[in-house]
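Heads up: the sequence shown at position 84 corresponds to 1447 in the numbering used here, and the numbers run straight through without jumps. One structure below.
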Amino acid sequence: MSSEACGVQGRIRRIAPMALYTHCNSHVLNLSVAAACRLTSVRNMIGTLNETFLFFHFSPKRQRFLEQVLEKCGFTSRKEKLKGLCKTLWVEKHECYETFYELYEYVCISLDAIADHESHPHVYSSLLFTWDRETKTKAQGLLANQRHSDSFSPFLSQRIALEHSNLLQLSFRRKNKMSSKRIL
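Structure representation (structure tokens):
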């Protein structure tokens, strides 16, 4: 709502032409997160994260296998599915990163077991999972990307940055609510 013609900025300019326009704190934070996401290493990591999400999301069989791996390995959290990255609501990315961080070890075990059936025989139960060559190759590629430091280091730094950003965002919301209550 910062349009110079008909937004809040335009209305304020008509009343006080010398007023200096500044973005709200949340918008400034959003701009800085968006700038960080343009770095090549971060873009590549986001691509890997999204590819991994899609790999499991669009295949009920693969998702069921991931859930079985979680069960066999004694994972106790309620989270069983990876979350996709929301392109517009960066605040939601925090939850995606947290879920991926929690499931990372089990995602890697799942990908490794899909790529090489013999590598983790304990995760295969009475349900017989067979994988075509394309799925095995895709799992192998995703696993290589997951384990590569050029992908994992930016993931960890983005996760920490988003965690702090999320706290700032919550702080800004509280301040804005208190300010609006004082105005009313």
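No residue lacks a Cβ here, since even glycine has one placed at the ideal position from N, Cα and C.
Exercise for review: Kindly indicate the opening and closing residues of the alpha helix (DSSP H) around H1420.
Suggested key: Per DSSP, H1420 belongs to the alpha helix (DSSP H) from T1403 to H1420.
Exercise for review: Helix, strand or coil for S1520, going by three-state DSSP, please let me know.
Suggested key: Looking at S1520 - three-state DSSP - the assignment turns out to be helix.
Practice item. Would you check if there are 3 or more beta carbon pairs closer than 8 Å linking the stretch 1433-1449 to the stretch 1499-1519? Key: In short, these stretches do not touch, since the Cβ pair count stays below three.
Practice item. Can you tell me which of L1448, Q1372 and H1457 puts its alpha carbon nearest to the alpha carbon of E1414? Key: Taking only the C-alpha atoms, the option nearest E1414 is L1448.
Check your understanding: Rounded to a whole number of angstroms, what is the C-alpha to C-alpha distance between L1383 and R1374?
Key -> Cα-Cα distance, rounded: 13 Å.
Practice item. Let me know if C1314 comes out buried or exposed under the rule of 16 or more other beta-carbons within 10 Å of its beta-carbon. Key: With the chain running from 1364 to 1547 in the structure shown, residue 1314 is simply not present.
Check your understanding: Could you check where the alpha helix (DSSP H) with F1428 kicks off and where it finishes?
Key -> Unbroken alpha helix (DSSP H) run through F1428: P1423 to K1435.
Review point. In the structure shown, what three-state DSSP assignment does Y1460 receive?
Key: Of the three classes helix, strand and coil, the one that applies to Y1460 here is helix, per DSSP.
**Study point:** For E1430 and A1398, the rounded distance between their alpha carbons
**Key:** Put simply, the backbone Cα of A1398 is about 35 Å away from that of E1430.
**Study point:** Spatially closest choice to Y1460 from S1534, L1530, A1524 and I1378, by CA coordinates
**Key:** Nearest option by C-alpha distance: A1524.
Review point. Assuming F1428 contacts S1473 under a Cβ cut-off of 8 Å, what Cβ separation, rounded to an integer in Å, is found between them?
Key: Cβ-Cβ separation between F1428 and S1473: approximately 6 Å, consistent with a contact (criterion under 8 Å).
Review point. With L1412 and F1518 assumed to form a contact (beta carbons below 8 Å), what rounded beta-carbon distance in angstroms separates them?
Key: Confirmed, about 7 Å.
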